[in-house]
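J.:
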Amino acid sequence: MKCREILLEIIPFYSGELDEEKTKEYRRHTTVCKDCARTSFRIRKAKNYIENNARKKE
7 MKCREILLEI
17 IPFYSGELDE
27 EKTKEYRRHT
37 TVCKDCARTS
47 FRIRKAKNYI
57 ENNARKKE
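So the sequence shown is numbered by this note's numbering: it starts at 7 and just counts up by one.
1) Using the three-state DSSP reduction, which class does Glu64 fall into: helix, strand or coil?
2) What did DSSP end up calling Cys42 once you bin it into helix, strand or coil?
3) Roughly how many angstroms separate the alpha carbons of Ser46 and Glu64, rounded to a whole number?
4) Distance check for Tyr55 and Thr36, CA to CA, integer angstroms please.
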């Protein structure tokens with residue numbers, strides 16, 4: 007699978023909308039491709055930051 011396709015699938019992955027098979031495929035890919043692993047880490051970090059700030063404002 008190409009990195010471009012992976013990156014387009016990361017966003018629904020973190021919102022919990024990705025099916026189990028694609029999740030496994032994505033995890034396999036991030037063990038091989040460090041650029042995608044870094045990108046997924048940044049997205050996960052940003053998502054957590056947004057959620058934490060939303061909780062603080064409530």
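In this text, a Cβ means the ideal position worked out from N, Cα and C, and glycines have one as well.
Just so it is clear, the structure is predicted and the values come from calculations on it, not from any experiment.
T.: So, to answer that:
1) coil
2) helix
3) 27 angstroms
4) 22 angstroms
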